[in-house]
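Novice: Sharing a structure with you now.
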Amino acid sequence: MDEGEVEKNGGGVCSSETVNGGEDVFSCDESDASSVDHLVIMVHGILGSATDWKFGAEQFVRRLPDKVFVHCSERNMAKLTLDGVDVMGERLSEEVLEVIKRKPGLKKISFVSHSVGGLVARYAIGRLYRPPRMENIEDLSANACIERLKGCTIAGLEPINFITVATPHLASRGNKQVPFLFGLTALEKAAFHVIHWIFKRTGRHLFLCDNDEGRPPLLKRMVEDDGELHFMSALRSFKRRVAYSNVGYDHIVGWRTSSIRRNNELPKWEESLNEKYPHIVYEEHCKAYDGEQGESVVKEDDSLDKVEEELLTGLSKVSWDKVDVSFHMSRRKFAAHSVIQVKDPNMDAEGADVIQHMIDNFIV
């Protein structure tokens with residue numbers, strides 16, 4: 250799409266423009282359809298821009314006409330992605346509120362996030378979470394708790410889908426969590442000490458070496474409610490949580506951390522025979538489980554880092570749909586981290602079936 254060109258299609262208007270510093274911004278955040286009430290926020294990864302989700306946004310608008318209103322986040326682009334997950338999360342939450350203010354009539358909200366953007370989105374929903382009003386605060390029965398959960402909102406909207414794509418949910422510090430380090434202990438330890446030089450504050454969060462004011466690492470705090478930030482309550486409030494993961498050739502985010510699994514839980518997958526989704530090789534619905542179940546499993550996997558296990562156990566207290574993707578036969582397999590998102594429609598077109606799968610299973 251050329252600069253300034255506008256494409257009207259069903260539930261949204263997709264446009265590109267140039268902003269400060271020549272940065273290209275893409276968005277689908279205007280609509281003429283009065284029936285559209287579902288806001289979809291798309292969040293890019295580290296050193297990325299709003300245009301990273303250009304293809305995905307266009308497909309959502311084209312395939313869900315009069316259903317969705319898509320906004321590609323533009324508040325944390327390029328070097329701003331190095332400011333830390335929390336700072337980016339605060340910016341994203343403010344951006345979401347501004348979009349909602351511009352678009353009256355919205356009733357639902359979903360997030361689709363790539364890479365570190367998934368962590369930023371998890372932080373933002375913790376900030377935007379609003380518990381329901383209770384008429385009788387003393388009514389604490391099981392049924393009342395269920396009704397309370399149903400009344401939760403994200404920025405006043407009903408939370409529907411929370412989708413992450415190649416997101417390092419279990420951080421990047423563990424063995425083989427960053428595949429380009431080849432699983433070599435010496436390189437992984439060296440990365441722990443120098444990551445903040447490259448990726449600044451965001452790097453410290455990813456490698457769990459932040460200790461602001463003596464507090465636990467941010468990602469550890471994000472697997473529970475932390476004061477005014479209701480991280481897990483917010484995540485739990487969504488009707489559906491989905492983790493798309495590359496089973497291999499993703500040199501930025503490993504399979505284990507993106508799929509929220511232990512080593513011994515990684516499934517054996519086979520070549521896809523589905524013509525519609527040729528790169529989807531495994532799907533499973535993982536029910537929420539309690540801490541006791543988690544303890545029984547971790548004893549069988551000695552490779553887990555203690556903090557990593559805490560992250561996994563915390564995130565597993567809510568259910569997840571896990572979708573495993575393989576580009577091992579693709580010409581761009583070594584760029585799987587970008588292909589799974591279709592970051593560049595010309596080079597990464599082989600990932601289009603992943604976006605199609607996402608839309609076909611999207612709750613509107």
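So for the sequence shown, my numbering puts the first residue at 250; every next one is plus one.
Glycine residues also receive a C-beta, built at the ideal position from the N, C-alpha and C atoms.
1. Is E407 helix, strand or coil by DSSP?
2. Mark S362 as exposed unless 16 or more other C-beta atoms lie within 10 angstroms of its C-beta, in which case mark it buried.
3. Please go through the segment 283-339 and give each complete beta strand (DSSP E) segment of 3 or more residues, from N-terminal end onward.
4. Between which two residues does the beta strand (DSSP E) harbouring S243 extend?
5. Less than 7 Å between the beta carbons of D602 and P516, yes or no?
6. Quick check on DSSP: helix, strand or coil for L484?
7. Given that a residue counts as buried once 16 or more other Cβ atoms are within 10 Å of its Cβ, and exposed if not, what is L522?
8. When the Cβ atoms of the segment 411-422 are set against those of the segment 486-493, are three or more pairs found closer than 8 Å?
9. Of the choices E339, T506, A483, whose alpha-carbon is the least far from that of D573?
10. Tell me the rounded alpha-carbon separation between P466 and T330.
11. Rank L377, V556, L288 by C-alpha distance to the C-alpha of G354 and give the top, closest one.
12. Hey, would you say A537 sits closer than 7 Å to V556, going by beta carbons?
13. Need the endpoints of the beta strand (DSSP E) that W569 sits in, please.
14. Which first and last residues belong to the beta strand (DSSP E) in which A492 is found?
15. Are the beta-carbon atoms of V292 and G338 separated by less than 7 Å?
16. Thinking C-alpha only, which one of I501, G600, K303 is nearest I530?
17. Which value, in whole angstroms, describes the spacing of the CA atoms of R397 and L560?
18. Measuring straight from C-alpha to C-alpha, what distance separates R371 and F480?
19. Touching or not, the segment 447-457 and the segment 307-316, by the rule of three or more beta carbon pairs under 8 Å?
20. Since I believe L478 is in contact with A420 (beta carbons under 8 Å), could you give me their beta-carbon distance rounded to a whole number of angstroms?
21. Based on the DSSP secondary-structure assignment, which residues constitute the bridge partners of I529?
22. Check R689 in the structure and name its three-state DSSP category.
23. Less than 7 Å separating the beta-carbons of S342 and R379?
24. Straight-line CA distance for H577 to K525?
25. Find the nearest neighbour of T451 within the set E533, V472, K328, judged by alpha-carbon distance.
26. In three-state terms, what does DSSP make of R371?
27. Could you spell out where the alpha helix (DSSP H) holding L419 opens and where it closes?
28. Counting only the same chain and skipping the five closest in sequence on each side, list residues whose C-beta sits under 8 Å from that of R464.
29. So what does DSSP say about D602, is it helix, strand or coil?
30. Taking the alpha-carbon positions, what's the R340 to N325 distance?
31. DSSP state of L580, grouped into three classes?
32. Per the DSSP calculation, R379 is bridged to which residue(s)?
33. Tell me whether D539 is buried or exposed, calling it buried when 16 or more other Cβ atoms sit within 10 Å of its Cβ.
34. Under the three-state reduction of DSSP, which class applies to H534: helix, strand or coil?
Specialist: Looking at the atomic coordinates:
1. strand
2. buried
3. DSSP assignment within the segment 283-339 yields the following whole beta strand (DSSP E) runs of 3 residues or more, N-terminal first: 287-292, 317-321.
4. Outside the displayed range of the chain (250 to 613) lies residue 243, so it cannot be described from this structure.
5. Result no, Cβ atoms of D602 and P516 do not sit closer than 7 Å.
6. helix
7. Under this definition L522 is an exposed residue.
8. As far as the Cβ criterion goes, the segment 411-422 touches the segment 486-493, which means the pair count is three or higher.
9. T506
10. T330 has its alpha-carbon roughly 18 Å from the corresponding atom of P466.
11. Here the closest residue by C-alpha is L288.
12. In terms of Cβ geometry, A537 and V556 do not form a close pair [threshold 7 Å].
13. 569-574
14. Note, A492: beta strand (DSSP E), 489-495.
15. With respect to G338, V292 sits apart: the two C-beta atoms are not nearer than 7 Å.
16. Here residue 530 is Val; the residue named in the question, Ile, does not match the sequence. The candidate whose alpha carbon is nearest that of V530 is G600.
17. At R397, the pLDDT of 47 sits below 50, so the modelled position is not reliable and the matter cannot be decided from this model.
18. Distance from the CA of R371 to the CA of F480, rounded to the nearest whole angstrom, comes to 7 Å.
19. They do not touch, by the three-pair rule.
20. About 18 Å separates the two Cβ atoms, so there is no contact after all.
21. V574
22. Because the chain in this structure spans residues 250 to 613, residue 689 falls outside the shown range and cannot be described.
23. no
24. 17 Å
25. Nearest C-alpha to T451: K328.
26. helix
27. Careful: L419 lies outside any alpha helix (DSSP H) and carries neither H nor E.
28. Counting only residues of its own chain and dropping the five nearest sequence neighbours on each side, R464 has a CB closer than 8 Å to the CB of R470.
29. helix
30. 7 Å
31. Strictly speaking, residue 580 in this sequence is Arg, with Leu absent from that position. Three-state result, R580: coil.
32. According to DSSP, which records beta bridges pairwise, R379 is partnered with T402.
33. exposed
34. strand
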